[in-house]
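Q: Here it is: the structure, laid out below.
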Amino acid sequence: MERFKSLSEIKNAFANGSTDLEKLVDFYLNRIEEKKHLNAFLEVWADEAKLSAKKIQQKINDGTAGKLAGMVIGIKDNICYKGHKVSASSKILSNFTSLYSATAVEKLLAEDAIIIGRLNCDEFAMGSSNENSAFGNVLNDVDNSRVPGGSSGGAAVAVQANLCLAALGSDTGGSVRQPAALTGTFGLKPTYGRISRWGLIAYASSFDIIGPITQSIEDSKLLLEVMAGKDEYDATSSSNKNIEYSKQVSENKKFRFAVIKEAIELDGINSEVKSATEDLIEQLKKDGHLVEMVSVPELSAMIPVYYTLTTAEASSNLSRFTGMHYGYRTKNGKDLESTIRKSRSEGFGAEVKRRIMLGTFVLSVGYYDAYYTKAQKVRRLVANRTAKIFEQYDFILSPTSPSTAFKIGEKSNDPMAMYLADIFCVHANIAGIPALSFPFANDSNNLPIGMQLMANHFEESKLLSMVENIRPIL
Ligand code: GLN
């Protein structure tokens with residue numbers, strides 16, 4: 423079977439009779455089996471997917487199918503699906519079954535998407551290489567000695583290796599975009615609040631958002647359109663109405679691009695990533711767009727602000743995992759306190775513990791003002807700076823990550839080096855704006871280089887339409 427890159431290609435194949443939904447699901451199930459060594463899927467819901475394929479094929483025949491009929495999708499293992507296991511790739515939640523579905527999942531199902539399985543990720547979405555999963559790391563399909571990025575590494579590789587058409591990830595500080603960049607896929611982080619967080623296992627609630635990883639912009643639009651919208655279960659979800667992304671046509675408009683000077687001049691940016699960025703700038707200028715350098719002196723503060731605030735929120739969010747109500751419980755507890763302490767010590771992995779400790783530290787009496795309050799103030803400065811840039815420009819352009827896919831183990835003993843992989847991504851989460859990573863070039867090892875565009879709040883349509891006009895140099 424050929425590789426389908428979008429739902430519309432699949433629909434065409436259905437229409438001309440070259441395949442049908444049941445054959446398509448079998449095809450993906452075989453691919454998953456063939457590519458098992460990548461460790462992208464933690465669980466495949468094969469029987470259920472086959473059954474849905476049968477039912478939805480009937481609806482297609484009857485002309486009553488929803489707009490995602492034909493979409494076979496995987497979900498990151500931190501997104502709840504009623505009656506199915508969800509573990510956030512953590513021992514502390516192993517064998518936990520969801521009691522309800524995420525709103526995003528319900529919306530996909532209502533439009534007849536098929537959810538084929540759950541995808542490996544860094545534990546509680548904390549990581550940039552998928553090496554922090556309690557269930558083993560995920561391999562990059564271009565080069566199996568390299569990481570896929572993280573934390574939605576399984577989601578990105580499932581799409582990269584064509585194990586499903588698209589996947590859902592979550593993005594707190596780059597977890598959709600950075601793995602998309604490292605695997606040559608499209609990763610969209612919508613405006614904060616655009617998609618309900620109901621049913622997404624919380625990491626840092628004022629940053630978290632679900633986002634699609636796809637093989638085409640067309641499908642990013644479609645999935646966003648289906649999942650976006652106000653939800654009574656998430657008070658931070660937005661009622662902004664501009665959500666018919668798939669109907670927006672790309673215009674030949676000329677835009678203004680701001681390139682962050684400090685990003686291009688960053689020590690440690692890979693030279694091939696830098697030159698790809700320069701190639702993109704040239705292309706945009708040739709196409710008649712305005713491209714200018716702007717200074718964002720706060721760039722060097724982004725990672726500290728991100729880690730101060732997200733660890734603070736994580737320490738609170740993860741306090742619910744006590745071993746008492748659900749998930750893993752130690753066998754060695756003697757009383758309530760030792761049971762909770764041991765369940766948490768044995769159930770959480772090293773990176774999660776590091777962040778819980780960091781978070782409780784920055785929130786502790788005596789350090790609260792010095793760290794937490796200060797970081798909140800810098801968050802405001804970043805938001806103000808960003809708003810100012812958007813008074814003059816339509817988009818902010820940077821590479822998605824300073825390097826291409828790195829070797830497994832290369833950064834795992836150096837948290838600082840690992841944290842820097844997200845230096846260009848965290849900006850969008852700190853400011854709450856939408857951002858998209860798209861494949862633009864390959865380096866000399868044939869590894870994908872992703873570029874990132876950020877836009878102002880709720881301007882996903884403009885963002886997605888613009889990227890459709892960019893010509894990758896692959
Ligand atoms: N890699 C970043 C981190 O480790 C981002 C994670 C995310 O977006 N979930 O926190």
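The sequence shown lines up with residues 423 to 896 when you count with my numbering. Just so you know, even glycine gets a beta-carbon here, dropped at the ideal spot from N, CA and C. Predicted, not measured: the structure shown is a model, and the values here were computed from it.
For K764, which of M746, L646, R776 has the nearest alpha-carbon?
A: Selected option, being the one with the closest Cα: M746.
Q: Check the C-beta distance from I501 over to L590 and give it rounded, since I have them as a contact under 8 Å.
A: 6 Å between Cβ atoms; contact.
Q: Quick one: residues in its chain with C-beta nearer than 7 Å to the C-beta of T730, no 5 flanking neighbours on either side, listed in chain order?
A: Once the five neighbours on either side are set aside, the close Cβ partners of T730 are V784, Y793, Y794, A797.
Q: Within 6 Å: the Cβ of D593 and any heavy atom of the ligand GLN?
A: Yes.
Q: Compute the beta-carbon to beta-carbon distance between A578 and A602, rounded to the nearest angstrom, for a pair I have assumed lies under 8 Å.
A: Indeed they touch by this definition, with Cβ atoms about 6 Å apart.
Q: Where A657 and G439 are concerned, what is the direct C-alpha to C-alpha distance, given to the nearest angstrom?
A: Roughly 45 Å between the two C-alpha positions.
Q: Is Y728 near G595, with beta carbons less than 7 Å apart?
A: Closer than 7 Å, so yes.
Q: Thinking C-beta only, is Y625 closer than 7 Å to F679?
A: No. Outside cutoff.
Q: When you measure from the CB of D499 to every non-hydrogen atom of the ligand GLN, does any distance come out below 6 Å?
A: No, the ligand GLN has no heavy atom inside 6 Å of this Cβ.
Q: Since D653 sits in a beta bridge, which residues does DSSP pair it with?
A: Beta-bridge pairing links D653 to D656.
Q: Just mark Y815 as buried or exposed, buried being the case when its beta carbon has 16 or more other beta carbons within 10 Å.
A: Under this definition Y815 is a buried residue.
Q: Taking the alpha carbon of I537 as the point to measure from, which residue in S660, N552, A475 has its own alpha carbon closest?
A: For I537, the nearest C-alpha among the options comes from A475.
Q: Which of the three DSSP states is assigned to E735 in this structure?
A: E735: helix per DSSP, three-state reduction.
Q: Candidates F862, A437, S738, V508: which alpha carbon is nearest F608's?
A: Of F862, A437, S738, V508, the residue nearest in Cα terms is F862.
Q: Within 8 Å, do at least three Cβ pairs link the segment 772 to 789 to the segment 843 to 853?
A: Verdict: no, contact absent.
Q: At which residue ranges does the segment 619 to 651 contain complete beta strand (DSSP E) runs of 3 or more residues, listed in the order of the chain?
A: Segments of the beta strand (DSSP E) lying fully in the segment 619 to 651: 632 to 636.
Q: From which residue to which residue does the alpha helix (DSSP H) around E759 run?
A: Here the alpha helix (DSSP H) through E759 covers 758 to 769.
Q: Give a yes or no on whether the C-beta atoms belonging to R540 and D499 are separated by under 7 Å.
A: Yes, the Cβ-Cβ distance between R540 and D499 is below 7 Å.
Q: Going residue by residue through the segment 536 to 618, where are the continuous beta strand (DSSP E) segments of at least 3 residues, counting only ones entirely within it?
A: Correct list: 536 to 541, 588 to 592, 608 to 611.
Q: With a floor of 4 residues, list each alpha helix (DSSP H) that falls wholly inside the segment 669 to 711, ordered by position along the chain.
A: If we require 4 residues or more, the alpha helix (DSSP H) runs fully inside the segment 669 to 711 come out as 683 to 686, 693 to 708.
Q: Bridge partners for I514 per DSSP, in chain order?
A: Note: I514 sits in no beta bridge, so no partner.
Q: Taking the alpha-carbon of Y750 as reference, which of I497, S516, I454 has the nearest alpha-carbon?
A: Per the Cα distances, S516.
Q: Determine the extent of the alpha helix (DSSP H) in which M423 is found, giving its start and end residues.
A: Where M423 is concerned, there is no enclosing alpha helix (DSSP H), given that its DSSP letter is neither H nor E.
Q: Give me the Cα-Cα distance between A462 and N552, rounded to the nearest whole angstrom.
A: One C-alpha to the other measures close to 10 Å.
Q: What are the boundary residues of the alpha helix (DSSP H) that I482 is part of?
A: 468 to 484 is the extent of the alpha helix (DSSP H) around I482.
Q: Find out if the Cβ-Cβ distance for the pair A535, L490 is shorter than 7 Å.
A: Taking 7 Å as the Cβ cut-off, A535 and L490 qualify as a contacting pair.
Q: Which residues in the same chain as R619 place their Cβ atom closer than 8 Å to its Cβ, once the five residues preceding and following it in sequence are excluded?
A: Cβ within range, chain order: S627, D630, I631, I632, D656, T658, S659.
Q: Say yes only if the C-beta of D844 is nearer than 6 Å to one or more non-hydrogen atoms of the ligand GLN, and no if none qualify.
A: Yes.
Q: Note down, in chain order, each residue of its chain lying with its Cβ closer than 6 Å to the Cβ of K481, except the 5 sequence neighbours on either side.
A: Taken in chain order, the residues that qualify are A487.
Q: DSSP three-state label for K796, please.
A: DSSP places K796 in helix when its eight states are reduced to three.
Q: Per DSSP, I495 is paired with what?
A: Beta-bridge pairing links I495 to I537, A588.
Q: Quick one: is E704 buried, meaning 16 or more other Cβ sit within 10 Å of its Cβ, or exposed?
A: Exposed, by the Cβ-count rule.
Q: Considering just the uninterrupted stretch of the alpha helix (DSSP H) at L875, what are its terminal residues?
A: Run containing L875: none in the alpha helix (DSSP H); it sits in the beta strand (DSSP E), 870 to 877.
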